[in-house]
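Let me begin by presenting the structure, written as structure tokens, before commenting on it.
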Amino acid sequence: MSEFNLSDLYRGYIACLNRQDWPKLRDFVGEDVTYNGRRIGLSGYRAMLERDFREIPDLRFEIQLLVCEPPHIASRLHFDCTPIGTFLGLPVHGQQVAFSENVFYEFGGDKIQRVWSVIDKAAIERQL
């Protein structure tokens, strides 16, 4: 897959997340996807995202930086949102916070097979 196609595919994936179009998620994520080294499968990945949107009703994924070298993508995602309770073990409870996530993806064909994610928890702590 070319860099251009993979970048477009990733942007489609982010749009899918922002629409919360869960049935369409399978078009972007493999059945045996791993997250931070643990196999959670498509159903576990979807459950994780659905939980995120329940806990953060105004969640929106914004791409700040996108580097594509097939079959990998590195992305810095920005969030400006209001978690309703505890988030990453922090007592946010409805306070608006801004933070970033550095995430790396490995694609197999046209689907995400591996995800490695690091959230800037220190940025949230500074805002509380």
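Take the sequence shown: its position 115, counted from the start at 1, is 115 in UniProt numbering, and no numbers get skipped.
Each residue gets a CB set at the ideal place from its N, CA and C atoms; glycine is no exception.
Asked: Terminal residues of the beta strand (DSSP E) in which GLY37 lies; Found: First-last for GLY37: undefined, no H or E at that position.
Asked: Residue-chain proximity (ARG38, chain D), Cβ-Cβ < 7 Å; Found: Looking for chain D here will not work: only one protein chain is present.
Asked: GLY108 versus ASP80 - alpha carbon distance; Found: 31 Å
Asked: DSSP state of PHE79 mapped onto helix, strand, coil; Found: strand
Asked: Sequence-distant residues of the same chain with beta carbon closer than 8 Å to MET48, five excluded per side; Found: TYR35, ILE40
Asked: Three CB pairs or more closer than 8 Å across the stretch 55–70 and the stretch 81–100; Found: yes
Asked: Residues near TYR105 by beta carbon distance below 6 Å, same chain, minus five either side; Found: ILE73, ILE112, VAL115
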